[in-house]
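*Asks:*
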Amino acid sequence: MNGVACKLCGSVSVQAFRVRERMYVRCRDCDLIVVPDEFHVSPQDEMARYRLHENTLSNEGYVRMFREKIALIKGYCPGIRSVLDYGCGPQPVLAELLRREGYSADAYDPYFFPEKPDEAYDLVMSTEVFEHFRDVRAGINGIRECVKDGGFLAVMTAFHDAVADFNSWWYITDPTHICFYGMRTFGRISREFGFSIVFTDRKNFIILRKR
51 MNGVACKLCG SVSVQAFRVR ERMYVRCRDC DLIVVPDEFH VSPQDEMARY
101 RLHENTLSNE GYVRMFREKI ALIKGYCPGI RSVLDYGCGP QPVLAELLRR
151 EGYSADAYDP YFFPEKPDEA YDLVMSTEVF EHFRDVRAGI NGIRECVKDG
201 GFLAVMTAFH DAVADFNSWW YITDPTHICF YGMRTFGRIS REFGFSIVFT
251 DRKNFIILRK R
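Counting from 51, one number per residue, gives the positions in the sequence shown under my numbering.
#1: Just tell me which of Ile256, Arg261 and Asn109 has its CA closest to the CA of Lys119.
#2: Which residue or residues does DSSP assign as beta-bridge partners of Ala170?
#3: When burial is assigned at 16 or more other CB atoms within 10 Å of the CB, is Ser176 buried or exposed?
#4: Going by C-alpha to C-alpha distance, which of Val205, Phe162 and Tyr100 sits closest to Phe249?
#5: Can the beta-carbon of Ala170 be found closer than 8 Å to that of Cys196?
#6: Quick one: Cα of Trp220 to Cα of Ser240, how far?
#7: Residues bridged to Arg259 by DSSP?
#8: For the structure I just gave you, are there three or more beta carbon pairs, one from the region 225-233 and one from the region 182-200, closer than 8 Å?
#9: DSSP beta-bridge partners for Tyr74?
#10: Within 10 angstroms of the Cβ of Pro142, are there 16 or more other Cβ atoms? Answer buried if so, exposed if not.
#11: With a threshold of 16 other CB atoms inside 10 Å of the CB of Asp159, please say whether the residue is buried or exposed.
#12: How many angstroms separate the CA atom of Arg184 from the CA atom of Ile193?
#13: Just to confirm, is the Cβ distance from Val62 to Tyr74 under 8 Å?
#14: Can you give the Cα-Cα distance for Asn172 and Arg72, rounded to whole angstroms?
Structure, rendered in structure tokens:
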């Protein structure tokens with residue numbers, strides 16, 4: 051595809067394809083898949099969609115998912131005291147669950163809790179955030195600066211290389227999902243942004259350590 055470069059690695063070796071009403075661009079080098087800017091919803095529509103999510107403490111499935119991730123954090127991220135829930139949405143459920151586990155936890159969201167902390171944390175947890183990045187490199191850098199040197203970044207986003215058929219994947223039906231990552235993508239992120247991979251389930255969760 052002429053004139054288009056990957057938003058992560060800058061490669062011009064990309065492939066464009068259509069699935070229903072949207073176009074996608076896949077990088078042959080780092081395996082990032084993005085939706086071109088002209089198919090992005092407005093920030094106002096994006097915020098309105100977030101408000102429809104039932105992500106509350108009373109949602110047992112949502113809470114159970116977080117408890118499973120917290121258990122992994124305990125196993126793979128030693129010495130954690132301070133945690134930032136980055137991109138928490140209108141209700142910072144994860145931050146509350148972390149406090150109940152004895153952590154010092156803060157919450158940040160560009161729409162709902164826009165005052166970004168000026169400190170760095172032992173751990174930053176980013177749940178269902180990476181797939182919303184309009185500017186991938188700026189988004190990753192914004193999170194990276196919140197992680198202490200030697201600290202951890204835990205990312206939850208569904209990996210596209212874990213599904214058999216991208217075209218029928220439920221994850222791409224959300225119009226606010228505009229970036230999709232695979233294991234090769236996170237390998238590139240680790241190298242370029244100064245992380246090492248500590249753990250991944252190769253489906254939707256990865257823990258990185260900042261070097």
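Every residue, glycine too, gets a C-beta built ideally from N, C-alpha and C. For clarity, every value in this text was computed on a predicted model and none was experimentally measured.
*Replies:* The short version:
#1: As a working note, residue 119 is residue 69 in the sequence shown. Measuring C-alpha to C-alpha distances from Lys119 to each of Ile256, Arg261 and Asn109 identifies Ile256 as the nearest.
#2: Mapped onto the sequence shown, residue 170 falls at position 120. Ala170 pairs with nothing; no bridge assigned.
#3: By one-based count along the sequence shown, residue 176 stands at place 126. When all chains shown are included, Ser176 counts as buried.
#4: Within the sequence shown, numbered from 1, the residue matching residue 249 stands at position 199. The candidate whose alpha carbon is nearest that of Phe249 is Val205.
#5: Here residue 170 is taken as the residue at index 120 of the sequence shown, counted from 1. Here residue 196 is taken as the residue at index 146 of the sequence shown, counted from 1. Yes. Within cutoff.
#6: Within the sequence shown, the letter at position 170 stands for residue 220. Within the sequence shown, the letter at position 190 stands for residue 240. Straight-line measurement puts the Cα of Ser240 at about 27 Å from the Cα of Trp220.
#7: Looking up residue 259 in the sequence shown gives position 209. For Arg259, the pairing in a beta bridge is given by DSSP as Phe202 and Ser246.
#8: Yes: at least three Cβ pairs fall under 8 Å.
#9: For this step, residue 74 is matched to residue 24 along the sequence shown. BP columns for Tyr74 point to Phe67.
#10: The residue labelled residue 142 in the question sits at position 92 within the sequence shown. Under this definition Pro142 is a buried residue.
#11: What you label residue 159 is simply residue 109 of the sequence shown in a count that begins at 1. Counting Cβ neighbours within 10 Å, Asp159 comes out buried, since at least 16 surround it.
#12: In the sequence shown, the residue the question calls residue 184 occupies position 134. In the sequence shown, the residue the question calls residue 193 occupies position 143. Computed Cα separation, rounded: 14 Å.
#13: The sequence position of residue 62 within the sequence shown is 12, counting from 1. The sequence position of residue 74 within the sequence shown is 24, counting from 1. Cβ distance not < 8 Å, so Val62 and Tyr74 don't count as in contact.
#14: One-based indexing of the sequence shown puts residue 172 at position 122. One-based indexing of the sequence shown puts residue 72 at position 22. A small correction: the amino acid at residue 172 is Asp; Asn does not occupy that position in the sequence shown. C-alpha separation (whole angstroms): 38 Å.
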